[in-house]
Amino acid sequence: MLTVIDHPSPNSDARDRAVALVVLHYTGMATGKAALARLCDVAPIAIRYPGPWQPADIDPNHALGRVSAHYVVEEDGRVFRLVDEKRRAWHAGASSWQGEEGVNARSIGIEIVNGGHDFGLPDFPEAQIGAVVALLQDILTRHALQPEAVIGHSDIAPARKLDPGEKFPWAKLAAAGVSIWPRRVIPPGGQVVGEPGEAGAGVVQLQKAFAAFGYGIALSGTYDAQTEAVVSAFQRRFRPARIDGVCDAETLDCLADLNDQLGLGDAPPVEA
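Quick note on my numbering: the sequence shown kicks off at 44 and runs consecutively.
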């Protein structure tokens, strides 16, 4: 049974859109206690939240942005509710999914206590993932959402964010019915289908396929930095064994399989 501990944050405002997405994050801080403090702080300054993300010469009184999330899930499985789902929490930042920017307006944000890349990307404990699954099952049921509505911060902001990271067990979530995962076994690697610096109609096809899945990507026809970031974000979630931003056959087949599952159309075929 899911037990939720109320820990209100004042950092929220009115929601003007219906909930359509759930965004998963890692906290990226040394402890859950520090993360809760940061997510509830109405006037955060640098000296309160030291970490490798700050320049060494930063003014200790430098004002930081106010942030929040609807829920925080601790390593031991405790679930804290910071913001009522009827209100908009400030967790996504500049973001885009399915052709719409401003993901905060239509999403529920879940922060999962984990040091992230700045602290060695620790494993996620079983108790914590079990609580995440239970929380997602509750949210999806209440809001009548499908598993594909659950996405990562790196999906909606691929050029800025890496969380919840390549160690997050998306496949376990999919097995529990609260996320998606490729159905077929895809051989690793394979030929390169697209890589940085390429241009032409084939790159446009790739960009269209990633845009169909949901990523915010311009159909530039050039395998540019944005395209590389999107491919890396996709690999981080669905092919974490190698995250290089190069669209190889395995990456493309994985995308085609997922788009087919969701009725979005296949990615372009890999040429023999």
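Backbone N, C-alpha and C define an ideal beta-carbon position, used for all residues, glycine too.
With respect to SER55, SER138 sits apart: the two C-beta atoms are not nearer than 8 Å. Beta-bridge partners of GLY308 (DSSP): none assigned. Under DSSP, ARG131 shares a beta bridge with ASP56. For TRP213, the number of other beta carbons within 10 angstroms of its own is at least 16, and it is reported as buried.
The Cβ-Cβ distance between GLU271 and PRO231 does not fall below 8 Å.
LYS251 and ILE260 have their C-alpha atoms some 8 Å from each other. Uninterrupted beta strand (DSSP E) stretches at least 3 residues long and entirely within the region 136 to 190 occur at 150 to 155, given in chain order. Of the candidates ALA106, ILE90, LEU107, ILE90 places its Cα closest to the Cα of ALA99.
PHE277 has its alpha-carbon roughly 34 Å from the corresponding atom of ASP49. The shortest CA-to-CA distance from GLU238 to any of ALA244, ASP267, ALA255, GLU118 is the one to ASP267. Under the three-state reduction of DSSP output, ALA78 falls in the helix class.
Here LEU298 carries a helix assignment [DSSP, helix/strand/coil]. Three or more pairs of CB atoms, one per stretch, sit closer than 8 Å, so the region 208 to 224 contacts the region 170 to 185.
By the Cβ rule, the region 142 to 160 counts as touching the region 71 to 91, because three or more pairs are nearer than 8 Å. Going by DSSP, HIS68 is part of the beta strand (DSSP E) stretching over 64 to 69. For ILE194, the enclosing beta strand (DSSP E) stretches over residues 193 to 195.
Going by beta carbons, LEU64 and VAL115 fall outside the 8 Å limit. Considering only ILE194, LEU45, LEU305, the residue with the shortest C-alpha distance to ARG279 is ILE194. The C-beta of GLY308 has fewer than 16 other C-beta atoms within 10 Å across all chains shown, which makes the residue exposed.
Counting along the chain, no beta strand (DSSP E) covers PHE281; the unbroken alpha helix (DSSP H) around it starts and ends at 268 to 281. Straight across, the Cα-Cα distance linking ALA77 with ILE88 is about 13 Å.
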